[in-house]
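Data first, discussion second: the structure below is written as structure tokens.
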Amino acid sequence: MSLLYAIGDIHGQMAMLEHALALIAADGGDDAKVVFLGDYTDRGPDSQAVIDTLIKGREAGRDWVFIKGNHDRLFSNFVRHGIEHDPRVKSGISWLNPRLGGTATLASYGVTGQMHFERPSQDALETLAYYTGDSGRITKDALQRIAQQHVPQSHLDFLDELPLTYQTDDLIFVHAGLRPGIPLEKQDPEDLIWIRDGFLESTHDFGKLVVHGHTALDHPTHFGNRIDLDGGAGYGKPLVPAVFEGRDCWLLTDKGRVALTP
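So that you can map any letter, position 120 of the sequence shown is 120 in full-length UniProt numbering, and since no number is skipped, the others follow by simple counting.
Structure (structure tokens):
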């Protein structure tokens with residue numbers, strides 16, 4: 001049975017990605033098949049370098065599979081369309097808020113400055129009032145135009161064209177999760193990149209083991225019907241890759257494999 005590797009949410013952590021790829025190469029060689037679970041951008045300092053690395057790997061013929069995450073879409077939506085918000089962000093904060101990480105992502109492309117927000121009431125959406133940088137005080141629309149000048153079209157195209165799922169005989173890879181009781185081909189795309197409620201607490205048998213990220217934990221965890229590989233790299237915790245043989249899973253560490261069981 002062939003081996004398959006997976007890496008959870010990277011969130012702009014280039015040094016962690018390099019370490020994870022080195023662990024995979026040491027375990028399975030340079031030709032190992034790797035599934036990346038999305039959220040390549042935001043919060044960490046090196047989103048540009050992360051996307052560069054993923055694109056170069058694909059162009060070099062590496063056997064890498066990429067899935068889209070919600071933060072990847074948030075990033076693309078702002079640069080392409082000037083959209084600050086997504087209805088699934090219940091707090092109503094702007095993507096540019098450091099909590100979501102857009103400021104760090106733009107900074108990795110050389111767009112550095114200070115965000116100034118406004119929020120008329122707690123029920124209102126937080127919006128960017130203005131931005132101060134090399135061009136002085138500018139509007140959100142002007143910031144978007146600057147972002148479009150700095151972010152390569154190839155990076156946006158890469159993110160926009162990513163699939164939402166990948167599956168094998170034993171595993172379903174998805175960024176956020178699945179709605180129980182709905183066939184994979186009928187799942188709502190919004191659920192695939194955003195779901196928590198209705199999925200995380202479910203003991204539903206999806207037919208295959210679901211491997212996902214999106215919900216940051218202190219450490220990757222096996223829940224029986226699903227494995228959450230988001231170990232919190234977006235918040236500075238280690239990015240821990242995994243290896244699968246069928247439904248069996250091990251985490252890769254500097255000291256070798258560690259079995260991940262329910």
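Built from N, CA and C at the ideal position, the CB exists for glycine as well.
Starting from residue i, follow the alpha helix (DSSP H) in both directions and report where the run begins and ends.
{"i": "D141", "result": "140–150"}
{"i": "I24", "result": "14–28"}
{"i": "A107", "result": "102–108"}
{"i": "H116", "result": "That residue, H116, is in no alpha helix (DSSP H); its beta strand (DSSP E) goes 113–118."}
{"i": "L159", "result": "153–160"}
Output the boundary residues of the beta strand (DSSP E) element that contains residue i.
{"i": "L4", "result": "4–7"}
{"i": "W250", "result": "248–253"}
{"i": "Q187", "result": "Run containing Q187: none; DSSP gives neither H nor E here."}
{"i": "T168", "result": "Looking at the DSSP string, T168 is not in any beta strand (DSSP E), and its letter there is neither H nor E."}
{"i": "G177", "result": "Note, G177: premise wrong, no beta strand (DSSP E); not H, not E."}
{"i": "A124", "result": "Counting along the chain, A124 falls outside any beta strand (DSSP E), and DSSP gives it neither H nor E."}
Do you know how far the Cα of residue j is from the Cα of residue i?
{"i": "S154", "j": "V35", "result": "20 Å"}
{"i": "G232", "j": "T41", "result": "13 Å"}
{"i": "L96", "j": "E84", "result": "7 Å"}
{"i": "L192", "j": "Y166", "result": "11 Å"}
{"i": "G224", "j": "A104", "result": "35 Å"}
{"i": "I24", "j": "C249", "result": "14 Å"}
Given a threshold of 16 other Cβ atoms within 10 Å of its Cβ, counted over all protein chains shown, does residue i qualify as buried or as exposed?
{"i": "P241", "result": "buried"}
{"i": "S121", "result": "exposed"}
{"i": "P220", "result": "buried"}
{"i": "Q149", "result": "exposed"}
{"i": "S47", "result": "buried"}
{"i": "G236", "result": "exposed"}
{"i": "D228", "result": "buried"}
{"i": "Q114", "result": "exposed"}
Which residue's Cα is closest to the Cα of residue i: the options?
{"i": "A176", "options": "E18, L37, L251", "result": "L37"}
{"i": "V210", "options": "M14, A216, L184", "result": "L184"}
{"i": "K90", "options": "D72, P120, W194", "result": "W194"}
{"i": "L159", "options": "L17, K255, G207, F78", "result": "F78"}
{"i": "M14", "options": "A26, Q187, D30, D39", "result": "D39"}
{"i": "E190", "options": "G136, D205, V174", "result": "V174"}
{"i": "D31", "options": "V151, V65, G101, L239", "result": "V65"}
{"i": "G82", "options": "G256, T127, P262, T261", "result": "T127"}
{"i": "H116", "options": "A124, R58, P98, L171", "result": "P98"}
So does residue i have its beta carbon nearer than 7 Å to some heavy atom of the ligand SAH?
{"i": "M14", "result": "Among the ligands in the structure shown, none appear at all, so the ligand SAH cannot be discussed."}
**OP:** Return the chain-ordered ranges of every alpha helix (DSSP H) run that is complete within the stretch 20–102 and spans a minimum of 4 residues.
**Re:** As far as the stretch 20–102 is concerned, its whole alpha helix (DSSP H) runs of at least 4 residues are 47–59, 70–81.
Original post:
Going along the chain, which unbroken runs of the beta strand (DSSP E) with 3 or more residues stay wholly within the stretch 186–242?
Top reply: For the stretch 186–242, whole beta strand (DSSP E) runs of length 3 or above, ordered along the chain, are 209–212, 226–228.
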